[in-house]
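Student:
2 protein chains.
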Amino acid sequence: MLTGLEEKILQCITRYITQNGHAPTLVEIGQLLDIKSKGTVHRYVDSLIDKGHLQRSGRSWRGLRLTGEQSRRLLILPFAGRIAAGKPIEAIPEQLEINFSDMLLGEDRYVLEVKGDSMIDAGILDRDLVIVRETQTANNGDIVVALIDNGETTLKKLRKHGDRVELIPANQTMAPLIYPADRVHIQGVVVGQVRSY
Amino acid sequence: MLTGLEEKILQCITRYITQNGHAPTLVEIGQLLDIKSKGTVHRYVDSLIDKGHLQRSGRSWRGLRLTGEQSRRLLILPFAGRIAAGKPIEAIPEQLEINFSDMLLGEDRYVLEVKGDSMIDAGILDRDLVIVRETQTANNGDIVVALIDNGETTLKKLRKHGDRVELIPANQTMAPLIYPADRVHIQGVVVGQVRSY
DNA sequence: TACAAAGTTCTCCTTATGTTCTCTTTTTTA
DNA sequence: TAAAAAAGAGAACATAAGGAGAACTTTGTA
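For the protein sequence lines, the chains are F and P, in the order given.
Numbers given in my numbering equal positions in the first sequence, counted from 1, plus 42.
Numbers given in my numbering equal positions in the second sequence, counted from 1, plus 42.
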């Protein structure tokens with residue numbers, strides 16, 4: 043179990059290494075985190091080594107290495123920054139980690155696996171998972187799970203026109219479907235999407 | 043059987059951990075539930091530990107942990123099945139839940155936010171998050187984080203041709219880039235992708 | 001080799017947090 | 001209605017966490 047500062051120092055080192063390819067010095071860590079004493083930094087680096095999150099390679103300068111050890115108790119990964127074609131990775135100083143629990147999980151949510159290409163232009167591919175929040179109401183533009191005539195189900199973008207609703211696939215080869223509002227029951231809206239390679 | 047306050051405190055701690063990635067202090071719990079005395083909070087936390095709903099790691103700050111079912115709930119969502127346009131949702135009896143820890147976490151992984159549309163045809167949109175596994179080697183067809191000339195970075199599909207490598211955008215308006223192999227350094231491969239709406 | 005830069009080992013300090021009490025009030029239940 | 005359980009306040013204390021910096025050793029380099 044890491045303390046607040048241990049956590050911050052580990053994230054700081056992780057990010058520094060992904061950006062620069064080598065570890066920071068103790069003073070550099072201190073500067074990044076606003077700690078004036080390298081003795082203090084050293085103490086925390088030591089405890090991170092004790093706890094198995096870091097390794098020292100010999101006594102050389104910048105000799106810290108990551109062990110890759112990560113807690114599996116929470117859905118948190120280090121955040122390295124933004125990547126745009128043709129530029130260095132841009133670090134976001136305020137955001138050091140991504141908490142997927144916070145982003146994806148919730149009381150009234152469940153997961154569906156998508157079959158088919160009907161939402162491909164919205165970046166939802168065959169076999170992707172989508173996270174759906176259960177609700178009967180949705181807004182224009184939401185991607186919804188809709189039940190039609192109490193039988194078939196579909197995943198489409200929603201547009202309402204008075205007493206009719208339009209269910210719009212995100213695929214240029216498919217046409218939108220228009221139904222009277224009373225034949226379509228919204229079951230939930232898509233709040234997230236996950237793919238693993 | 044939990045008393046009313048015990049219930050509230052447990053929920054409060056669970057919510058705090060999902061959102062913040064670490065447990066609250068006694069005073070923070072008090073503030074969230076409008077209890078002024080940390081001694082009182084402490085007493086209820088103690089009884090939650092006695093009843094097996096919480097664990098304490100020594101006397102450390104923020105040292106509370108959830109046990110068993112509670113802690114699993116921070117990693118999973120119920121899995122409802124497959125959705126395909128025009129059919130009922132097909133339930134998969136063997137799979138009742140999705141464990142995001144198994145799907146997303148692993149050694150040497152970090153997260154990048156994607157800027158731009160260069161991978162749009164691969165279902166990776168502007169502002170999506172990708173999970174990258176650090177490695178120097180990659181296979182044909184992998185989506186890689188590549189460092190070019192030790193300066194700029196880019197996210198592209200990889201194809202190797204002997205002593206040259208081709209970096210292929212997934213966007214019909216962009217052309218593939220071909221470089222001598224020694225100018226391109228693979229930093230990692232994309233193993234996952236996440237979007238939240 | 002001499003010097004600068006970095007790491008190591010200390011000591012001393014402050015503050016935030018957890019722990020242990022006692023006493024009181026409110027709610028539930030027999 | 002009396003007793004028990006639950007909820008609450010707060011003081012006093014112990015200790016983990018965070019912080020500064022001096023003095024020293026080791027490593028890298030001009």
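Heads up, the beta-carbon is just placed ideally off N, CA and C, and yes, glycines get one too.
A quick note: this is a predicted structure, and the numbers were derived from the prediction, not measured.
If you draw a straight line from the alpha carbon of P/Val226 to that of F/Lys202, how long is it in whole angstroms?
Tutor: 49 Å
Student: Alpha carbon to alpha carbon, how far is F/Leu197 from F/Tyr221? Give it in angstroms, no decimals.
Tutor: 15 Å
Student: Among F/Glu49, F/Val87, F/Leu47 and F/Gly46, whose alpha-carbon lies nearest the alpha-carbon of F/Pro66?
Tutor: F/Val87
Student: Between P/Ile173 and P/Val186, is the Cβ-Cβ spacing less than 8 Å?
Tutor: Annotated as distal: P/Ile173 and P/Val186, with beta-carbon spacing of 8 Å or more.
Student: So, at 7 Å on beta carbons, what are the nonlocal neighbours of P/Lys80 in its own chain, with the 5 sequence-adjacent residues on each side left out?
Tutor: Leu68, Val69 and Gly72
Student: Assign P/Arg196 to one of three DSSP states: helix, strand, or coil.
Tutor: According to the sequence as given, residue 196 of chain P is Thr; it is not Arg. Three-state DSSP puts P/Thr196 in a strand.
Student: Quick one: Cα of P/Asn192 to Cα of P/Arg101, how far?
Tutor: 47 Å
Student: Name, please, each residue of chain F whose Cβ falls closer than 7 Å to the Cβ of P/Arg237.
Tutor: Gly165, Gly234 and Gln235
Student: If I measure Cβ to Cβ from F/Gln137 and keep anything under 7 Å in the same chain, skipping five residues before and after, which residues do I get?
Tutor: Phe121
Student: Tell me F/Gly230's beta-bridge partners as DSSP assigns them.
Tutor: F/Glu176 and F/Val187
Student: Which residues in chain F sit within 7 Å of P/Glu70, going by Cβ to Cβ distance?
Tutor: Simply none; closest approach about 13 Å.
Student: So for P/Ser238, helix, strand or coil by DSSP?
Tutor: The three-state secondary structure of P/Ser238, taken from DSSP, is strand.
Student: Please classify F/Ala217: is it buried, with 16 or more other beta-carbons within 10 angstroms of its beta-carbon, or exposed?
Tutor: Exposed is the call here.
Student: Is any beta-carbon of chain F found at less than 8 Å from that of P/Tyr152?
Tutor: yes
Student: Is it the case that the Cβ atoms of F/Ala164 and F/Ala127 are separated by a distance below 8 Å?
Tutor: no
Student: Against chain F, with Cβ distances strictly below 8 Å, would P/Gln61 count as a contact?
Tutor: yes
Student: Could you check what DSSP says for P/Leu117 in three-state terms: helix, strand or coil?
Tutor: Residue state, collapsed to three classes: coil.
Student: Taking just the CA atoms, how far does F/Leu171 sit from P/Ile166?
Tutor: 14 Å
Student: Quick test of your reading: F/Leu75 and F/Lys93, contact by CB under 8 Å. State the CB separation rounded to the nearest angstrom.
Tutor: Contact flag wrong, Cβ pair sits at about 18 Å.
Student: Given F/Leu117, which residues of its chain have a CB within under 6 Å of its CB, disregarding the five upstream and five downstream residues?
Tutor: Closer than 6 Å at Cβ, skipping near neighbours: Phe142 and Ser143.
Student: Going by beta carbon distance, what residues of the same chain come within less than 6 Å of P/Val236, once the five residues before and after it are set aside?
Tutor: Leu171
Student: Shortest alpha-carbon distance to P/Gly110 belongs to which of P/Leu146, P/Asn181, P/His95 and P/Met145?
Tutor: P/His95
Student: Quick one: using the 10 Å Cβ neighbour count with 16 as the cut-off for buried, is P/Glu230 buried or exposed?
Tutor: Per the sequence shown, the amino acid found at residue 230 of chain P is Gly instead of Glu. When all chains shown are included, P/Gly230 counts as buried.
Student: In the DSSP assignment, what are the bridge partners of P/Leu108?
Tutor: P/Leu96, per the DSSP bridge assignment.
Student: List the whole-angstrom C-beta distance separating P/Leu90 from P/Leu52, where the pair is believed to meet the contact cut-off of C-beta under 8 Å.
Tutor: 6 Å
Student: With 9 Å as the C-beta to C-beta threshold (strictly closer), list the residues of the region 174–204 of chain F near chain P in chain order.
Tutor: Val174, Asp184, Ile185, Val187, Leu189, Ile190, Gly193, Glu194, Thr195, Thr196, Leu197 and Lys198
Student: P/Lys157 touches chain F at which residues, Cβ-Cβ below 9 Å?
Tutor: Within chain F, the C-beta atoms nearer than 9 Å to that of P/Lys157 come from Arg124, Ile125, Ala126, Ala127, Lys129 and Glu132, in chain order.
Student: Which same chain residues end up closer than 8 Å to P/Leu322 when comparing Cβ atoms and leaving out the 5 residues on each side of it in sequence?
Tutor: Nothing can be reported for residue 322 of chain P: it is not among the residues displayed for chain P, which extend from 43 to 239.
Student: Quick check on P/Glu155: does DSSP put it in helix, strand or coil?
Tutor: strand
Student: Can you tell me where the alpha helix (DSSP H) with P/Glu48 in it begins and where it stops?
Tutor: Gly46 to Asn62
Student: Are the beta-carbon atoms of F/Ala223 and F/Val207 separated by less than 8 Å?
Tutor: yes
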